[in-house]
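Written below as structure tokens is the structure these notes are about.
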Amino acid sequence: MGLTATLPIDHYSDRIDTQDTGQSLHPWYMTVTQGGCLIMSTVDNKVAKVRIQDSQIIFNKTVPGIMHPAGVPTLQDGWFVVSDWGTFSLHLVTPDGRWDRELWRHPYGSKSGDRLWGVSVRGGVCVAVSVEGETHVFDIS
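Under the numbering used here, think of the first position of the sequence shown as -7, with each following residue one higher.
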């Protein structure tokens, strides 16, 4: 049986609202961590972490070096990877939302048109798929 939780989601606006902080999130891509949190990129170019149990926003911030976050798969230790749709790059981010390092950047940058869309991480291997149909595989262990 899987984890079941009810988030205060307004189905008309697709926003996650928390009454205690007054913040409102508009998710773009999200994933669930083993610790029971949602890691999400938002349409206002931020990365957020929300605890599922009580909808508490742990952080909601712009991560330096990341222009337009998209996919946000997590690693086993709580770190996560952010694909940056704006700079055509992949970044490693700490569990508390701090940028650690750039993992990869398309050699031609935004001129390549290679917009990373889907990103998945398993066992130290990161796979990114672009809108243009290219698949990139990285060892991030």
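Just so it is clear, CB atoms sit at the ideal spot from N, CA and C, and this is done for glycine as well.
- For a cut-off of 8 Å, the C-beta gap from V39 to I50 is around 11 Å, too long to register as a contact.
- Under DSSP, K53 forms a beta bridge with V39.
- One thing to note: S75 has its Cβ no nearer than 7 Å to the Cβ of R97.
- Contact between G57 and W20 does not hold, since the beta-carbon distance rounds to 18 Å and is not under 8 Å.
- Under the 10 Å beta carbon count, G63 is surrounded by 16 or more other beta carbons and is classified as buried.
- Rounded to the nearest whole angstrom, the C-alpha separation of E94 and S133 is 14 Å.
- Residue range T127 to D131 is occupied by the beta strand (DSSP E) that includes H128.
- For D92, the enclosing beta strand (DSSP E) covers residues W91 to R97.
- Across the structure, T34 and V55 are spaced so that their CA atoms are roughly 12 Å apart.
- DSSP places G110 in the strand class (E or B) of the three-state scheme.
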